[in-house]
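Everything on this sheet refers to the single structure shown next.
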Amino acid sequence: MASELCKTISVARLEKHKNLFLNYRNLHHFPLELLKDEGLQYLERLYMKRNSLTSLPENLAQKLPNLVELYLHSNNIVVVPEAIGSLVKLQCLDLSDNALEIVCPEIGRLRALRHLRLANNQLQFLPPEVGDLKELQTLDISTNRLLTLPERLHMCLSLQYLTVDRNRLWYVPRHLCQLPSLNELSMAGNRLAFLPLDLGRSRELQYVYVDNNIHLKGLPSYLYNKVIGCSGCGAPIQVSEVKLLSFSSGQRTVFLPAEVKAIGTEHDHVLPLQELAMRSLYRTYHSLLKGRQLLVLWLTAAPPSVCRLLTC
59 MASELCKTIS VARLEKHKNL FLNYRNLHHF PLELLKDEGL QYLERLYMKR
109 NSLTSLPENL AQKLPNLVEL YLHSNNIVVV PEAIGSLVKL QCLDLSDNAL
159 EIVCPEIGRL RALRHLRLAN NQLQFLPPEV GDLKELQTLD ISTNRLLTLP
209 ERLHMCLSLQ YLTVDRNRLW YVPRHLCQLP SLNELSMAGN RLAFLPLDLG
259 RSRELQYVYV DNNIHLKGLP SYLYNKVIGC SGCGAPIQVS EVKLLSFSSG
309 QRTVFLPAEV KAIGTEHDHV LPLQELAMRS LYRTYHSLLK GRQLLVLWLT
359 AAPPSVCRLL TC
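Letter by letter, the sequence shown follows residues 59 to 370 in this note's numbering.
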């Protein structure tokens with residue numbers, strides 16, 4: 059197996075390959091052949107998925123200076139080393155399904171990085187330097203142990219897809235509402251009790267998933283015209299026990315149905331918002347019309363003296 063691996067790397071070096079596939083090789087250590095002499099100067103994409111690697115070499119950037127994509131999915135790596143910050147051309151880094159406990163601050167030096175995948179690890183926090191990744195488009199940090207997100211994450215101006223499913227988040231930083239390019243936000247399976255009121259105000263944000271946040275019983279109004287996933291949120295709500303939302307016009311107050319405010323559970327039947335609004339308007343104007351009809355009937359039956367008094 060070792061001789062076959064050496065041969066594969068030697069051929070890649072001689073023929074100046076740009077792609078090298080070392081998946082499913084049962085590697086426990088980073089192959090020394092990759093780091094021999096000048097390394098593989100022409101290599102752009104390195105695939106080392108589903109091995110048993112526990113660490114990365116400190117001279118990785120020196121030996122593989124032109125790496126654009128590095129796939130280390132399904133290994134046993136515990137720490138992202140400081141040396142990772144020297145891979146200045148790196149655009150895609152996949153460290154999903156490892157044993158990561160720490161991501162070093164030097165990851166913020168990967169200014170060309172577009173896709174960062176850290177799902178299925180043991181991370182309790184992300185360094186604030188993640189906010190320095192101005193070109194980052196995709197960030198997947200689902201299935202970790204995160205209690206919060208870095209405040210500087212809103213500085214990732216190119217971020218389009220943010221996935222933080224199955225963590226331990228109690229709240230979402232309001233600064234996330236400022237992400238100008240965010241199109242899809244997934245926060246399913248956390249401990250969220252509320253969302254920032256400005257969430258969804260951006261036109262770019264179209265998809266929001268907050269499924270299975272049992273403490274979450276309401277959504278910001280800006281999300282009502284977005285694609286929302288919220289099954290498994292909240293708890294069954296009795297309309298009689300809920301203080302209904304309302305809006306006023308002049309002296310008239312109109313109460314909105316509780317469903318507009320409440321999420322309920324996946325088994326609850328919630329009518330479309332347009333239909334709920336139409337029903338409320340119908341009831342309001344129906345009551346107004348009925349009141350006018352009763353007034354006309356009363357005036358018709360009232361004595362002439364009373365009618366003159368009311369019209370004065």
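Note that the Cβ used here is the ideal one computed from N, Cα and C, for glycine as well.
Opening and closing residue of the beta strand (DSSP E) in which residue i lies
i: SER244; result: 242-244
i: ARG175; result: 173-175
i: ARG103; result: 103-105
i: LEU63; result: No beta strand (DSSP E) contains LEU63, which is instead part of the alpha helix (DSSP H) from 60-72.
i: LEU78; result: 77-79
i: LEU220; result: 219-221
i: LEU93; result: Element bounds for LEU93: n/a, residue is neither H nor E.
i: LEU197; result: 196-198
Minimum C-alpha distance to residue i - residue among the options
i: ILE160; options: ASN178, SER260 and VAL137; result: VAL137
i: LEU215; options: ARG71, ILE286, LEU197 and THR206; result: LEU197
i: CYS235; options: GLY247, GLN218, GLU187 and ALA251; result: GLN218
i: MET245; options: SER154, GLU140, ASN202 and ASN283; result: ASN202
i: GLN182; options: TYR229, LEU211, ALA70 and LEU158; result: LEU158
i: SER154; options: ARG108, PRO208 and LEU204; result: ARG108
i: GLU193; options: LEU204, LEU207, HIS173 and GLU187; result: HIS173
i: HIS87; options: ASP256, ARG210 and PRO115; result: PRO115
i: GLN195; options: GLU102, LYS94, ASN248 and LEU151; result: LEU151
i: LEU250; options: LEU227, GLU262 and LEU237; result: LEU227
i: LEU257; options: CYS291, PRO238, LEU191 and PRO185; result: PRO238
i: GLN264; options: LEU240, ASN248, GLY276 and PHE252; result: LEU240
i: ARG259; options: PHE252, LEU93, ILE67 and ASN283; result: ASN283
i: ASN117; options: HIS233, SER144 and LEU128; result: SER144
i: CYS162; options: ARG261, ALA119, PRO139 and GLU62; result: PRO139
i: ASN179; options: PHE79, ASN133, CYS64 and LEU122; result: ASN133
i: GLY292; options: ARG167, GLU164 and GLY276; result: GLY276
i: LYS65; options: ARG261, LEU243 and GLU91; result: GLU91
i: TYR280; options: LEU184, LEU85, SER113 and LEU255; result: LEU255
i: GLN122; options: ALA70, TYR82, LEU85 and LEU191; result: Inspection of the sequence shows that residue 122 is occupied by Leu rather than by Gln. Measuring from the Cα of LEU122, the nearest candidate turns out to be ALA70.
i: PHE252; options: LEU243, ASN271 and LEU220; result: ASN271
i: GLY247; options: LEU85, ALA141, SER289 and TYR82; result: SER289
i: HIS212; options: GLY189, THR221, LYS94 and TYR229; result: GLY189
i: LEU21; options: GLY287, LYS94 and TYR229; result: Any property of residue 21 remains undetermined from this structure, which presents the chain solely from 59 to 370.
i: ASN57; options: THR221, SER68 and ALA60; result: Any property of residue 57 remains undetermined from this structure, which presents the chain solely from 59 to 370.
i: ASN156; options: PRO89, SER68, LEU243 and ARG175; result: ARG175
i: GLY287; options: ARG261, GLU242 and GLU262; result: GLU242
Integer-rounded CB distance, given that residue j should sit under 8 Å from residue i
i: LEU125; j: LEU111; result: Not really, about 16 Å apart at Cβ, beyond 8 Å.
i: LEU274; j: VAL266; result: Not really, about 11 Å apart at Cβ, beyond 8 Å.
i: ILE199; j: ALA177; result: 7 Å
i: ASN77; j: GLU102; result: 7 Å
i: HIS75; j: TYR105; result: Not confirmed; about 12 Å, so no contact.
i: PRO186; j: ARG224; result: Not confirmed; about 23 Å, so no contact.
i: GLU164; j: GLN149; result: Their Cβ separation, rounded to whole angstroms, is 17 Å, which puts GLU164 and GLN149 out of contact at 8 Å.
i: LEU205; j: PRO231; result: That belief does not hold up - the Cβ atoms of LEU205 and PRO231 are roughly 12 Å apart, past 8 Å.
i: LEU191; j: LEU168; result: 6 Å
i: ILE142; j: SER113; result: Going by Cβ atoms, the distance from ILE142 to SER113 rounds to 11 Å, so no, they are not a contact pair.
Span of the alpha helix (DSSP H), counted from its first residue to its last, around residue i
i: ILE272; result: Counting along the chain, ILE272 falls outside any alpha helix (DSSP H), and DSSP gives it neither H nor E.
i: CYS235; result: Segment: none, CYS235 is in no alpha helix (DSSP H) and carries neither H nor E.
i: ILE286; result: It is not in any alpha helix (DSSP H) - ILE286 instead sits in the beta strand (DSSP E) that spans 285-287.
i: ALA170; result: Looking at the DSSP string, ALA170 is not in any alpha helix (DSSP H), and its letter there is neither H nor E.
i: GLN182; result: It is not in any alpha helix (DSSP H) - GLN182 carries neither H nor E in the DSSP assignment.
i: GLN57; result: Not covered by the structure: residue 57. The range shown for the chain is 59 to 370.
Segments of 3+ residues assigned as beta strand (DSSP E) that fall wholly inside the stretch 129-164: For the stretch 129-164, the continuous beta strand (DSSP E) assignments of 3+ residues that do not extend past its boundaries occur at 150-152, in sequence order.
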